[in-house]
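Residue numbers (the numbering used here), protein chains in the order written: chain V, 1 to 339; chain P, 340 to 658; chain G, 659 to 1155.
1. Residue 567(P) to residue 609(P), Cα distance in whole Å?
2. May I have a chain-ordered list of the beta strand (DSSP E) segments no shorter than 3 residues that lie completely inside the stretch 922-956 of chain G?
3. May I ask you to list, following chain order, the residues of the stretch 396-424 of chain P that have a beta carbon less than 8 Å from some beta carbon of chain V?
4. Please list, in chain order, the residues of the stretch 154-173 of chain V that have any C-beta partner in chain P closer than 7 Å.
5. Pull up the CB-CB distance for residue 194(V) and residue 50(V), whole angstroms please, since I reckon it's below 8 Å.
6. Going by DSSP, what residues sit across from residue 85(V) in a beta bridge?
7. Please give the ranges of any beta strand (DSSP E) in the stretch 137-175 of chain V, keeping only runs that are unbroken, at least 3 residues long and fully inside the region.
8. The beta strand (DSSP E) spanning residue 234(V) covers which residue range?
9. Roughly how many whole angstroms lie between the Cα atoms of residue 1226(G) and residue 879(G)?
10. Check each candidate in 486(P), 482(P), 473(P) and 480(P) and name the one with the smallest Cα separation from residue 495(P).
11. Using a Cβ-Cβ distance cut-off of 8 Å, determine whether residue 771(G) contacts chain P.
12. Opposite residue 243(V) in the DSSP bridges: which residues?
13. For residue 663(G), which residues in the same chain have their Cβ closer than 7 Å to its Cβ, ignoring the five residues on either side in sequence?
14. Just tell me which of 477(P), 479(P) and 466(P) has its CA closest to the CA of residue 504(P).
15. In the DSSP assignment, what are the bridge partners of residue 204(V)?
16. So, does the CB of residue 349(P) fall closer than 8 Å to a CB anywhere in chain V?
17. Could you tell me which chain G residues have their CB closer than 8 Å to the CB of residue 380(P), listed as they occur along the chain?
18. Would you kindly work out how many angstroms separate the C-alpha atoms of residue 349(P) and residue 402(P), rounded to a whole number?
19. The alpha helix (DSSP H) with residue 914(G) in it runs from where to where?
20. Any beta carbon of chain P sitting closer than 8 Å to that of residue 768(G)?
21. When the Cα of residue 414(P) is compared with those of 555(P), 450(P), 516(P) and 497(P), which residue comes out closest?
22. Rounded to whole angstroms, what's the CA-CA distance from residue 800(G) to residue 525(P)? Just pull it up for me.
23. Can you check the stretch 375-416 of chain P for any alpha helix (DSSP H) of at least 4 residues that lies completely inside it and give the ranges in chain order?
24. For residue 464(P), which three-state DSSP category applies?
25. Would you say residue 238(V) reaches chain P, if we count a Cβ-Cβ gap shorter than 8 Å as a contact?
26. For residue 584(P) and chain G, any beta-carbon pair shorter than 8 Å?
27. Taking 8 Å as the CB-CB limit, is residue 384(P) close to chain G?
28. When the Cα of residue 1042(G) is compared with those of 1061(G), 1052(G), 1030(G) and 1031(G), which residue comes out closest?
29. Listing by chain order, which chain V residues have their CB less than 7 Å from the CB of residue 342(P)?
30. In terms of residues, what are the limits of the alpha helix (DSSP H) holding residue 568(P)?
31. By a C-beta neighbour count over all protein chains shown, 10 Å radius and 16 as the cutoff for buried, is residue 312(P) buried or exposed?
32. Could you name the residues of chain P that residue 92(V) contacts, counting a contact when the two beta carbons are closer than 7 Å?
33. If you measure beta-carbon to beta-carbon, which residues of the stretch 529-552 of chain P are closer than 7 Å to chain G?
34. How would you call residue 912(G), buried or exposed, if buried means at least 16 neighbouring beta carbons within 10 angstroms?
35. Are there 16 or more other CB atoms within 10 angstroms of the CB of residue 675(G), so buried, or fewer, so exposed?
36. Apply the 10 Å Cβ neighbour rule to residue 340(P) and answer buried if 16 or more other Cβ atoms are within range, or exposed otherwise.
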């Protein structure tokens, strides 16, 4: 099956203005005006999956989305959505987009706002009238439909933004940092919504720097760093399947037990009256656990922890940064040598 | 089409929420009443002075609206990134720009017509509460030829009734497209239509500039185009006079050659806004009709400017 | 940061800074007040010089709001005029330049030309520049007829500029909107300039035009013009004759017969009222066939003019139906005192009866007022003795009659002139309209023709035994207060309005 989104060699180079403000100071630039935001990105997203584009700030996630949405033009490379080149109106009719920290006309009420965007989709009046309450219900804004957007909280705005991206019942939904700025409830709601979209057979392409959420919902992810793709694949493949460590938490333990745990564990942490011991080997962990049970203390949990996306991410990025730092330090030393 | 319409209407809604607009409207009303007062300083031609100042005020305020309200409208969408959600919708960029332009033009047209309405009412009111009409109302002649005096309590009533009457008459002038046959407001509607045509061109430039630069810069450039447009005959005369004095273009010095070609070029490129300036004639009650020349010139120029704006807009990255 | 920074007290530095700010503020206010006083001086100097920058510079600065700026200058000029300094100690040239600039800013601002003409021309008597403003206004406003009309009026009545008058008249003729009376002014100018033939032709053209256009009112107006024109024409011919008579004899003519000698007053070709009437009837069909939208063909005008001409022999027929005569009293005054009524009439004693016809009224009115006042005061009518001072001979050859219990006014009585009554009843054969005309009757009125007046003349000593008639009763003078005592007094308001 052909990928629903196909990106080949996508490169974006920004040429900065001669005059710009940098760190609060006016700066006039003559050299080094080119900044590579995205370099040779190849991606395939297949239908029906939740694809996460991950990376730290400035990695090129938003640039990718902007290019896909036709807001920016790629310097090099091609991308197709549903087999059509970018900017094709037929394609735009079947996709939805939620930008990062969206701003909408704040004088419109929720309903007016959706109605306006419905008109932009070319929906007729009857259809808009039917669709808007459904969507408001879906994103949980039914109570606020008559309020102007000016009075919306950040979470409500985000939900309104989601509603507008779903107006046309799109086949692909592009979400740029959909969970940023939301409280845990909001994040959970968005997460559930994304999952329900997948269940409805939609493709979801989203960018995020919040890894826990991505980990929970993504089928596949790509990790970007400074415009380069440093990883791509299904999460299950990316994270090693083996258990990384064993955690035992217990309480009401006597000094002997505590000392034993302290000695045998790789890491030992005391939290108020709860104790956490981390082991590399299953046997040692099991041993402690059985002693806890035998010794009359309370065994609170016994967890076999696998590697998280966050750990993977930090590992990869840190590796990259270290490489750069070394390269940078050589450059520095060269400069010093010149002096 | 429905998409352009939706954008235009939304732009209009956005503009009428701008407080600057109401300040400007209030300002124009102040000028109109000020004109009334100023005209009383004259010994004759009082009507002309009221009309002239009023028509000038309507024109000037519309320029301010076009420049200062108009430029914010496109820029706000870019600055606050509303454009992200709009451009990702199934519309062309030119549709967005055209919608914005039409919404802006609608805003200006509505404002000009509202100002015209108010001004017509002011003129009618002026007729009603001064001179013969006032005398006739306060000292009516009965069927027996006797002149009576309506008590002072009647004055307030007459004044309020005059305001209502003036507002209705002014409104009739607008809905009849100036063909209400009233001498008092003769030609005002034509002046307003010409102003709207002029604003169509200026707004086109405002949209063009704000499609690629910051509001301050766009306002500055739009004002420059406006100034050159108002002066381009003078500019051309200035350049040719300079060349004539030197005895020909080839005798000009280096700096002069630059300013010569700049002046001649600007005079040709910028719109000739004096085509839309019939205000003096209208003020002195001469019959003025909006001819096909004005409409065609304004239309073609606007289309040209919008075309350039669309070409620029189609190629730009939204930050 | 010193430790004292957070304390509540005031630091010395703050005091100094505050003081400096206040001082700067005071300095600024002082300077500003100085500047404002300067502005007042600038204004005063502006008043002195009263100069504006060239209009094209202002036009550039005004950015298309030239006419609004013109309004501002206009208001300024009116206020300045009101304060009087436009006209005080100013040469007219800068004032002219001011209005010239304002009218450059808005050439359609008609008021500027009018007001400028008032200030420069009427007020400062500089008609050259004043009329120049009107000329400019006429060029810039080709449909405005007020400006050329004002120019024409000025040229005729204010400074007798015939060339200017003709220029404005030609201008008026080209303005389709101009009222008919303005277009007819060309005839008036020529008539005033003594070019009667040309004026007559103009009038004939207008007359034909209006007949063709069926506009009765205008036709009536022109019809009324012909007698005036012919009257002036004939008078001039007779004045030439008088001049010739004086050259030959060294004396002023006593009677009309003196100048009717063909050697002194040769026959001339000219139109007459009768001639005009018959000519118009003769060409009625041609006139009816005219195309109203086109100007009257020159050829038809010439034919009509030719048809109206006739040889005028002897005394010309007075076009209003009375007759010309030489007024003995005025002649005496003229010889004795060099008396002149008007430059137009070189010999004021050459009058028509129509001239003096109205002058019989003032004595009558005075007497009537006396009777009414007397009646109010005493409740009775004055007796004949009290009315004696009014019992004069009137200059038409009749006399005034006091008729108590008159049918017209049984309460107050009536005072009337026998001559006027005769004329109003159509009994006077000397009036051409009703009678056979002045000939072969004597050329001056005489009491002998009317028995009633003749008897009265003998009784009151106006007719002496040898038949000589006197104008003033022997030894008596009217004693009425404020009543005109001489014919000169009665004539002056009539001829010198």
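In this text, a Cβ means the ideal position worked out from N, Cα and C, and glycines have one as well.
This is what the structure gives:
1. 7 Å
2. 926-929
3. 419, 420, 421, 422, 423 and 424
4. 164
5. 6 Å
6. 80(V)
7. none
8. 228-234
9. Residue 1226(G) is absent from the model: chain G starts at 659 and stops at 1155.
10. 473(P)
11. no
12. 306(V)
13. Below a pLDDT of 50, predicted positions are generally treated as unreliable, and residue 663(G), at 44, falls in that range; no measurement from the model is reported.
14. 466(P)
15. 50(V) and 173(V)
16. yes
17. 733, 736 and 737
18. 21 Å
19. 914-917
20. yes
21. 555(P)
22. 20 Å
23. 385-403
24. helix
25. no
26. no
27. yes
28. 1061(G)
29. 119, 120 and 122
30. 554-585
31. Because chain P here runs from 340 to 658, residue 312(P) falls outside it and cannot be looked at.
32. 427, 428 and 429
33. none
34. exposed
35. exposed
36. exposed
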